[in-house]
Structure formats: C-alpha cells, structure tokens
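Per UniProt numbering: the sequence shown = residues 30 to 427. The beta-carbon is built from N, C-alpha and C at its ideal position, and this holds for glycine as well.
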Amino acid sequence: IDVQELSKNHLFTFDPGLMSTAMCRSEITYIDGDKGILLHRGYPIHDLAMNADYLEVAYLLLYGERPDQKDYNEFTQVIRQHTLVHEQLSRFFHGFRRDSHPMAVMCGVSGALAAFYHNVLDVSDEEHRNLTALRLLAKMPTLAAMCYKYSIGHPFMFPQNHLSYAGNFLYMMFATPCEPYQVNPVLEKAMNRIFILHADHEQNASTSTVRTAASSGSNPFACIAAGIASLWGPTHGGANEACIKMLEEIGSVDRIPEFIEKAKDKNDPFRLMGFGHRVYKNYDPRAKVMRETCHEVLQELGIKTQLLKVAMELERIALTDEYFIERNLYPNVDFYSGIILKAIGIPVSMFTVIFALARTVGWIAHWKEMYDFGTLKIVRPRQVYTGHTQREFNQLAE
Ligand code: CMC
Numbered sequence: 030i031d032v033q034e035l036s037k038n039h040l041f042t043f044d045p046g047l048m049s050t051a052m053c054r055s056e057i058t059y060i061d062g063d064k065g066i067l068l069h070r071g072y073p074i075h076d077l078a079m080n081a082d083y084l085e086v087a088y089l090l091l092y093g094e095r096p097d098q099k100d101y102n103e104f105t106q107v108i109r110q111h112t113l114v115h116e117q118l119s120r121f122f123h124g125f126r127r128d129s130h131p132m133a134v135m136c137g138v139s140g141a142l143a144a145f146y147h148n149v150l151d152v153s154d155e156e157h158r159n160l161t162a163l164r165l166l167a168k169m170p171t172l173a174a175m176c177y178k179y180s181i182g183h184p185f186m187f188p189q190n191h192l193s194y195a196g197n198f199l200y201m202m203f204a205t206p207c208e209p210y211q212v213n214p215v216l217e218k219a220m221n222r223i224f225i226l227h228a229d230h231e232q233n234a235s236t237s238t239v240r241t242a243a244s245s246g247s248n249p250f251a252c253i254a255a256g257i258a259s260l261w262g263p264t265h266g267g268a269n270e271a272c273i274k275m276l277e278e279i280g281s282v283d284r285i286p287e288f289i290e291k292a293k294d295k296n297d298p299f300r301l302m303g304f305g306h307r308v309y310k311n312y313d314p315r316a317k318v319m320r321e322t323c324h325e326v327l328q329e330l331g332i333k334t335q336l337l338k339v340a341m342e343l344e345r346i347a348l349t350d351e352y353f354i355e356r357n358l359y360p361n362v363d364f365y366s367g368i369i370l371k372a373i374g375i376p377v378s379m380f381t382v383i384f385a386l387a388r389t390v391g392w393i394a395h396w397k398e399m400y401d402f403g404t405l406k407i408v409r410p411r412q413v414y415t416g417h418t419q420r421e422f423n424q425l426a427e
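If you want it as structure tokens, here you go:
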C-alpha cells in the first residue's frame, strides 16, 4: 500500500514519527541539530552544566530568566517546603514487588500524586500551576530515592533540606539510619551536572507525550506519569540503561569490531546504544560535557574502569566508519552518563529513573507554557486509513 499516495487524497500530511511536524511553539529550548547547539532560554548547555546549580536552571526553564540571589533563595526555600511526600503515598510502594523495575514503580507513584492534589487543583489559576511545578520538582528526588530504597528493602530516608538538590538526592539514596552519612562533593557536583544535562530537550517523545496528555486539560501529575512511561523505552531515556549493558557485554576493546558489524547489519535488530539522534546530525553537546565529566569523576574518585576504555574506543571506531559517517550518527547524552552513574554507585536499573527526575522540570515547564500561552488545543492527529472498505454485517449464526 502506498500510504504517501493515499495521504494525497486528504487535507493532511502523512508524517510517521512526526519527523517534520511542529506541534507547538515554545520559548524554552532551542536546538540546532546540524551544528550541535543546545540553548535553554538562550544559554548554552555547556555554560549551564559547568557553572550553574540545577535549581538555578530549573528556575530558568520555568520562568524564562535566571534568578537573582533573592529569587534563588526564595525559590529553593519553597522547594524545601515540599520535599516530603504524604505518608499514605509511602505505603503505596508496599503494593509493588521488591524486584519491580524502578521505572514501573516510578510511573505508579508519580501518577498517584494526582490522587493527592486533584480536588484542590485549579489549573486555570497561575498560582496553582506554579505550586504544581514546585511540588513536582521537590518531590521527584524523594520518590526516586524511595524506589531504590524499596528495591533493596531499606527504610526510606527523609529529605535533608539543608543539603543541595543533588546532595539531598544522594543522601536519600545512600544514607541509612544506622550511621552518619557525608555527601561526597565530587559525586554531588557530578550529580548536579547530570541533572542539568537532562533537564529539558524540547519536543522529544516524553515531552510531547506530556503535552499530548495535558492538551485535554488532564491532571498534571498524571501527565508526568505518562511522560515517564514514554521515557522508559530503550530508544529514548531507557538508552542509558541499554548502553551500559551493551558496554558490559562488549567487555573488552577487541570485541568492538564484532559489535560495530552487528550494528551495521540490517538483518540484526541490534543498534549501538547511546548513538544517533533524531535531531542532532552532529556531536550532541550534552555528550561532550558528559564525556568530560566522566573523565573528571573517575579521576577524582581514583576509579579505573574497562567500561570507559571500551566506550572511548567504540566512539573512535564508529566515528571513522563510513556507515556512521554517512548517517551522521554521533554519541548522544546516554553514551557516557551510565559510566558516571555507575561510578557514583547507582544501580543500572535506576539510570532512567534519574533521567525522569531530572527531566521533570522540562516536562512541567512545557506544561506550564501551554497554559501560559493560552494554547491548550487538544492534540488529535489524523491517520491514513489502510483497512477494509465498508462490509456487509451478517449474524454470527449465518
Ligand atoms: N546504531 C546503528 N544504526 C543506527 C543507529 C544506531 N544507534 N541509529 C540510527 N541508525 C541508522 C538506522 O538503522 C537508519 O539506517 P538506514 O537509513 O540504513 O535505514 C539510519 O541510521 C537513521 O535511523 P532512524 O532510526 O531512521 O533515525 P531516527 O531519527 O528515527 O532514530 C534514534 C533516532 C535515537 C531512535 C536512533 O538513532 C537510535 O535508535 N539510537 C539508539 C538508541 C539511543 O541511543 N537513544 C537515545 C537518544 S538521545 C536521548 C533521548 O532522546 O532520550
């Protein structure tokens, strides 16, 4: 069936994967995929990741400008007031199997937030929208760390509001009630940078999912759960988990050519994970910072890992291979992030949860923008129908 031909009979364009359709206008993030440029509200990702604090970037994404010191203090103070989750929600975790994938749990518990705030939420009110953004930003690290603690059977750790956003997350992940826990400043800096590098990326699959879910006026906490579901897939946020598994499977540099050949083989579904991007046809600027951070963190922690060697050699070989050159396939944000997360001590199954917690601010900034712009038009794509023409209905007995 020639669907392109069929679509000509309709007044819409056939665009699978929405490769050439802009579904909204936005002022949050700009990407020039050919040049490898990523700007948040005009600021290059490199400058933000190297110099800013995650909450400063969150403020920028949500409100359009960087905060001055007073705004920043007030903003962080309000976030601190919302880091706890309702005790009833803590009990929600116990309905899950301990060995559930943390992303499955994260979908459930973040969606459950809707039940706590639905009746009191008036999304037409700007103040309510701001409060929703702050609540989500404050509670996501708490929920993410609870997913991990639940999976290993440890007690949940309450947030420590004197710590930074990244420091508090590490505390809730790794502290126990048995002994004092000191946040390692190297890990805190790396975590902060990883959060910034994942904060927003314009109309990717999960952000478009959040926008689509929200376009019907739905509860924003439920919309975020939809975003988390979309992010989970291995060609989107799940690529960080898939990538580290791939690097571990490759194991040593002498096996790289075998995997490069597999990735090129059109009869083999295997792809190089952490490679390629719908928009970037150049080096992903986030991957550049991630690679730099990876070296820094491993050096500062005194960790030597075969994984980094394999990753760097894999990158070198792929970037000189005709197949990857012709298709403009470069490392993306997920290529080096897993090595850092592993060095920090984060289990592989939590990688995409961390992506989700960091991306929440992007999702909620887009949700807020839809309302702020007054452009809440329900997303309702069309299709090219390729099924049966009208048929006669007969009773089953006939
Ligand atoms: N390994 C091998 N070949 C690839 C790869 C790869 N990683 N990525 C794309 N290709 C090939 C693909 O087979 C196709 O070849 P051909 O033209 O001969 O059919 C060509 O490159 C274009 O690929 P596509 O699938 O049409 O491109 P897309 O824009 O639909 O997909 C992508 C983009 C990110 C889904 C894809 O590159 C991919 O699957 N990469 C691996 C998964 C990954 O790392 N995902 C993370 C993306 S960045 C973070 C995020 O968004 O969350």
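According to DSSP, is residue i part of a helix, a strand, or is it coil?
i: LEU142; result: helix
i: LEU359; result: Checking the sequence, you will find Tyr at residue 359 rather than Leu. Of the three classes helix, strand and coil, the one that applies to TYR359 here is coil, per DSSP.
i: GLU351; result: helix
i: ILE253; result: helix
i: PHE304; result: strand
i: HIS417; result: coil
i: ILE66; result: strand
i: TYR309; result: coil
i: PRO314; result: helix
i: PRO131; result: helix
i: PRO73; result: strand
i: CYS323; result: helix
i: LEU40; result: coil
i: THR236; result: helix
i: VAL408; result: coil
i: ILE223; result: helix
i: SER259; result: helix
i: GLN335; result: helix
i: ALA78; result: helix
i: MET52; result: coil
i: LEU425; result: coil
i: PRO298; result: coil
i: PRO45; result: helix
i: PHE243; result: Reading off the sequence shown, one finds Ala at residue 243, where the question assumed Phe. In this structure, ALA243 counts as helix in the three-state DSSP scheme.
i: GLY124; result: helix
From residue i to residue j, what does the alpha carbon distance come to, in whole angstroms?
i: TYR365; j: ASN221; result: 15 Å
i: LEU407; j: ARG240; result: Before going on, a small fix: residue 407 reads as Ile here, not Leu. Each residue's alpha carbon lies about 9 Å from the other.
i: ALA394; j: LEU90; result: 6 Å
i: ALA254; j: MET135; result: 8 Å
i: PRO184; j: ARG307; result: 41 Å
i: GLY137; j: ALA243; result: 18 Å
i: GLY285; j: ASP350; result: The sequence given here places Ile at residue 285; Gly does not occur at that position. In a straight line, the C-alpha of ILE285 is about 12 Å away from that of ASP350.
i: LEU216; j: LEU327; result: 10 Å
i: ARG70; j: GLU56; result: 7 Å
i: LYS338; j: GLU329; result: 17 Å
i: GLY305; j: ASN311; result: 9 Å
i: ASP97; j: ASP154; result: 25 Å
i: MET341; j: ILE257; result: 30 Å
i: ARG158; j: LYS397; result: 7 Å
i: HIS227; j: CYS207; result: 33 Å
i: ASN213; j: VAL107; result: 25 Å
i: THR389; j: GLY182; result: 26 Å
i: ALA316; j: GLY367; result: 12 Å
i: GLU427; j: ALA234; result: 47 Å
i: LYS371; j: VAL377; result: 7 Å
i: SER245; j: ILE346; result: 47 Å
i: ASP76; j: PHE125; result: 41 Å
i: ALA174; j: LEU118; result: 14 Å
i: GLU34; j: GLY416; result: 15 Å
i: SER237; j: PHE41; result: 20 Å
i: SER387; j: ASN148; result: According to the sequence provided, residue 387 is Ala. The question's Ser does not apply to it. If I take the Cα positions, the gap works out to 27 Å.
i: ASP297; j: VAL152; result: 47 Å
i: ALA219; j: GLN419; result: 60 Å
i: ASN357; j: LYS293; result: 13 Å
Assuming residue i contacts residue j under a Cβ cut-off of 8 Å, what Cβ separation, rounded to an integer in Å, is found between them?
i: MET275; j: MET302; result: 5 Å
i: ARG164; j: HIS111; result: 5 Å
i: GLY196; j: THR381; result: That belief does not hold up - the Cβ atoms of GLY196 and THR381 are roughly 22 Å apart, past 8 Å.
i: VAL114; j: THR171; result: 5 Å
i: TYR179; j: LEU192; result: Not quite, the Cβ-Cβ distance comes to about 21 Å (not below 8 Å), so this is no contact.
Counting along the chain, where does the alpha helix (DSSP H) carrying residue i start and finish?
i: ASP61; result: Unbroken run through ASP61 is the beta strand (DSSP E), 58-61; no alpha helix (DSSP H).
i: HIS157; result: 155-181
i: ARG289; result: Strictly speaking, residue 289 in this sequence is Ile, with Arg absent from that position. Element bounds for ILE289: 285-293.
i: ASP100; result: 98-110
i: VAL152; result: From DSSP, VAL152 is part of no alpha helix (DSSP H); its letter is neither H nor E.
i: ARG120; result: 116-121
i: LEU113; result: That residue, LEU113, is in no alpha helix (DSSP H); it is neither H nor E in DSSP.
i: GLY85; result: Here the sequence assigns Glu to residue 85, which means Gly is not the residue at that position. Residues 83-92.
Assuming residue i is part of the beta strand (DSSP E), what are its boundary residues?
i: HIS395; result: Segment 380-401 is the alpha helix (DSSP H) holding HIS395; no beta strand (DSSP E) there.
i: ILE279; result: Segment 268-279 is the alpha helix (DSSP H) holding ILE279; no beta strand (DSSP E) there.
Uninterrupted alpha helix (DSSP H) stretches inside the stretch 183-219 (no shorter than 4 residues)
Qualifying alpha helix (DSSP H) stretches, in chain order: 194-203.
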